[in-house]
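Residue 139 in the UniProt record's numbering sits at position 139 of the sequence shown, and the numbers go up by one each step.
Working notes, beginning with the structure itself.
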Amino acid sequence: MSTVYNKKYFTDLLEKLVLPLKEHYSEECANLYLGHTGAAFEDRTIPMQGFSRVLWGLVPLWAGGENIEDFSEIYTKGLSAGTNPNSKEYWGGFRNYDQKFVEIAAIAYGLLLAPDKLWEPLDDSAKKNLADFLLLSNSYEVSDNNWRLFPVLVNLALKSLSQPYDQHLIDFGLERLDSYYLGNGWYKDGVTEQRDYYIPFALHFYSLIYAKVCEKSDPERSALYKERAAEFAKQYIYWFDDKGRALVYGRSLTYRFAQAAFWSACIYADVPVFSHGIIKGIIVRHFEEWFSHPITDNGGVLTIGYRYTNLHMSESYNSPGSPYWSLKAFILLALPGNHPFWQAEPLPFPLFDQYQTVLQSEA
């Protein structure tokens with residue numbers, strides 16, 4: 001029987017990745033312990049990173065009307081404990097350039113797309129603790145690169161919940177994003193000229209979330225970010241082959257199939273570029289290529305590495321939970337069940353009349 005690449009196909013893939021994690025949450029669920037390797041940031045933040053990064057997959061699943069067992073209860077319990085100063089699992093305060101700024105972006109993502117799962121079930125005290133915790137992050141410095149968009153997501157989420165927020169940080173972050181733009185769909189990641197997967201799975205990814213969430217409140221920026229993504233797509237497609245493999249290049253290769261997160265975000269945000277069938281073909285082949293390799297341990301947990309467990313493929317900021325950044329590729333699960341993408345047949349990789357060379361030093 002041939003595989004049917006419908007919404008259930010992608011939901012089943014996500015379930016395969018998150019179900020093995022259930023036994024690794026802490027007592028109050030605010031931490032996820034997946035291993036014992038260190039990272040360049042505080043040890044206490046390592047399990048918090050594990051907790052938050054799983055949200056990149058769960059949030060769109062919830063937004064699309066689905067659930068996996070009792071994960072929504074795990075996460076409301078964990079958010080309540082992690083942001084409660086009186087809890088033994090409190091995540092603590094912030095410092096300048098704190099790794100937690102990266103991780104709270106996934107929480108903000110959840111509050112924007114699935115408040116019915118992560119906000120509404122909380123009691124008033126837990127809501128206040130969570131809002132206060134996120135607001136506190138505004139008082140510290142973030143790196144001048146893709147990190148500038150984390151305060152955008154955080155304050156956008158607070159605004160959507162009618163909580164205190166900082167509009168200046170939203171505006172400033174988007175202004176910095178514009179300053180990174182090089183033309184032809186390309187950004188640079190901050191003050192460097194480096195162009196790697198942080199352009200598609202960070203800068204474009206976050207801007208497309210903004211474009212979708214703010215279509216009505218900020219139509220001009222929404223249209224602009226979609227236009228830039230469409231231009232980028234016409235070049236980024238060259239980073240993939242007809243078997244689903246992507247270029248082994250740049251930072252954070254242990255994030256694996258986050259390489260396809262941009263394509264999923266294009267579908268989510270209705271970016272007018274390739275047909276649903278072409279994009280679905282890219283995503284399906286990419287997932288099938290990755291899942292043909294031993295990218296998890298014998299307990300089903302994603303490991304640090306690339307095609308197999310390999311600490312030589314890690315960065316100083318990779319902890320055992322870091323690979324779950326890969327789950328960004330599941331943003332397409334936010335689409336409703338009747339979206340035409342689910343009915344589209346995956347199409348073969350398109351043939352091009354010409355090929356392009358994109359140099360590191362020019363857009």
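The C-beta atom is built at its ideal place from N, Cα and C for all residues, glycine as well.
* Asked: Tell me, which residues are paired with Gly173 by DSSP?
  -> Position 173 of the sequence shown, counting from 1, holds the residue named residue 173. Looking at the DSSP assignment, Gly173 forms no beta bridge with any residue, so it has no partner.
* Asked: Where does the unbroken alpha helix (DSSP H) through Leu182 begin, and where does it stop?
  -> Here residue 182 is taken as the residue at index 182 of the sequence shown, counted from 1. Counting along the chain, Leu182 falls outside any alpha helix (DSSP H), though it belongs to the beta strand (DSSP E) covering Tyr181 to Gly183.
* Classify Ala246 as helix, strand or coil using the three-state DSSP reduction. => The residue given as residue 246 occupies position 246 in the sequence shown. Three-state result, Ala246: strand.
* Could you say which of Asp241, Trp62, Gly173 and Phe291 lies nearest to Pro151 if we only look at CA atoms? => Against the sequence shown, residue 151 aligns to sequence position 151. Closest by alpha carbon: Gly173.
* Comparing alpha-carbon positions, which option in Leu302, Phe257, Trp342 and Pro294 lies nearest His286? -> Locating residue 286 in the sequence shown gives position 286, where the first residue counts as 1. Closest option to His286, Cα to Cα, is Phe257.
* In DSSP terms, what Trp186 is bridged to -> Looking up residue 186 in the sequence shown gives position 186. Paired residues: Gly183.
* To do: Identify which residue in Leu224, Leu55, Gly190 and Trp186 has its Cα closest to the Cα of Val271.
  => To locate residue 271, count along the sequence shown from 1; it is residue 271. Here the closest residue by C-alpha is Leu224.
* Asked: Are three or more beta carbon pairs between the segment 122-130 and the segment 64-71 nearer than 8 Å?
  -> no
* **Terminal residues of the alpha helix (DSSP H) in which Cys266 lies** => Working through the sequence shown from its first residue, we reach residue 266 at position 266. First-last of the alpha helix (DSSP H) with Cys266: Ala261 to Tyr268.
* Asked: What do you reckon, are the CB atoms on Phe262 and Phe201 nearer than 8 Å?
  -> As a working note, residue 262 is residue 262 in the sequence shown. As a working note, residue 201 is residue 201 in the sequence shown. Yes, these two residues count as a Cβ contact at 8 Å.
* Please name the residue in Leu61, Asp98 and Ile104 whose C-alpha comes closest to that of Gly82. => Stepping through the sequence shown from its first residue, residue 82 is reached at position 82. For the residues Leu61, Asp98 and Ile104, the minimum Cα distance to Gly82 belongs to Ile104.
* To do: Look at the Cβ atom of Tyr308, then the Cβ atom of Pro323, and state whether they are nearer than 8 Å.
  => Position 308 of the sequence shown, counting from 1, holds the residue named residue 308. Position 323 of the sequence shown, counting from 1, holds the residue named residue 323. Taking 8 Å as the Cβ cut-off, Tyr308 and Pro323 do not qualify as a contacting pair.
* **Span of the alpha helix (DSSP H), counted from its first residue to its last, around Thr296** => As a position in the sequence shown, residue 296 is number 296, starting the count at 1. First-last for Thr296: undefined, no H or E at that position.
* Of all the alpha helix (DSSP H) runs that stay within the bounds of the segment 201-258, which reach a length of 4 or more residues? -> 205-213 and 219-236
* Leaving out five residues on either side along the sequence, give the residues of the same chain with a beta carbon under 7 Å from the beta carbon of Ser314. => The sequence position of residue 314 within the sequence shown is 314, counting from 1. Taken in chain order, the residues that qualify are Thr254 and Ile304.
* To do: Please classify Ile318: is it buried, with 16 or more other beta-carbons within 10 angstroms of its beta-carbon, or exposed?
  => Translated into the one-based positions of the sequence shown, residue 318 becomes position 318. The question names Ile, but residue 318 in the sequence shown is Asn. Buried.
* Any contact of the segment 29-47 with the segment 334-351, i.e. 3+ C-beta pairs under 8 Å? -> no
* Asked: Which residues share a DSSP beta bridge with Gly305?
  -> Stepping through the sequence shown from its first residue, residue 305 is reached at position 305. DSSP, once it has assigned bridges, lists Thr309 as partnering Gly305.
* Starting from Ala106, trace the alpha helix (DSSP H) both ways and give me its first and last residue. => Taking the first residue of the sequence shown as position 1, residue 106 is located at position 106. Segment Lys100 to Leu113, the alpha helix (DSSP H) holding Ala106.
* Assigned exposure category for Lys117 - 16 Cβ within 10 Å defines buried -> For the purposes of this step, residue 117 is identified with residue 117 of the sequence shown, where counting begins at 1. Lys117 comes out buried.
* Asked: Is the segment 273-280 in contact with the segment 229-248, if contact means three or more CB pairs nearer than 8 Å?
  -> yes
* Compute the distance between the beta-carbons of Ile209 and Tyr109, then report whether it is under 8 Å. => Counting from one through the sequence shown, the residue named residue 209 turns up at place 209. Counting from one through the sequence shown, the residue named residue 109 turns up at place 109. Contact: yes.
* Within its chain, find whatever has a CB closer than 6 Å to the CB of Trp91; leave out the 5 residues flanking it on each side and keep chain order. => Walking along the sequence shown from the start, residue 91 turns up at place 91. Around Trp91: Met48 and Gly82.
* Asked: When burial is assigned at 16 or more other CB atoms within 10 Å of the CB, is Asn96 buried or exposed?
  -> Taking the sequence shown and counting its residues from 1, one reaches residue 96 at position 96. So Asn96 ends up on the exposed side.
* Would you mind sorting Tyr9 into buried or exposed? The rule is 16 or more other CB atoms within 10 Å of its CB. => What you label residue 9 is simply residue 9 of the sequence shown in a count that begins at 1. Label assigned to Tyr9: exposed.
* For Pro60, count neighbouring C-beta atoms within 10 Å of its own C-beta (all shown protein chains included) and say buried if the count is 16 or more, exposed if not. => Indexing the sequence shown from 1 puts residue 60 at position 60. Its Cβ being crowded by 16 or more others within 10 Å, Pro60 is buried.
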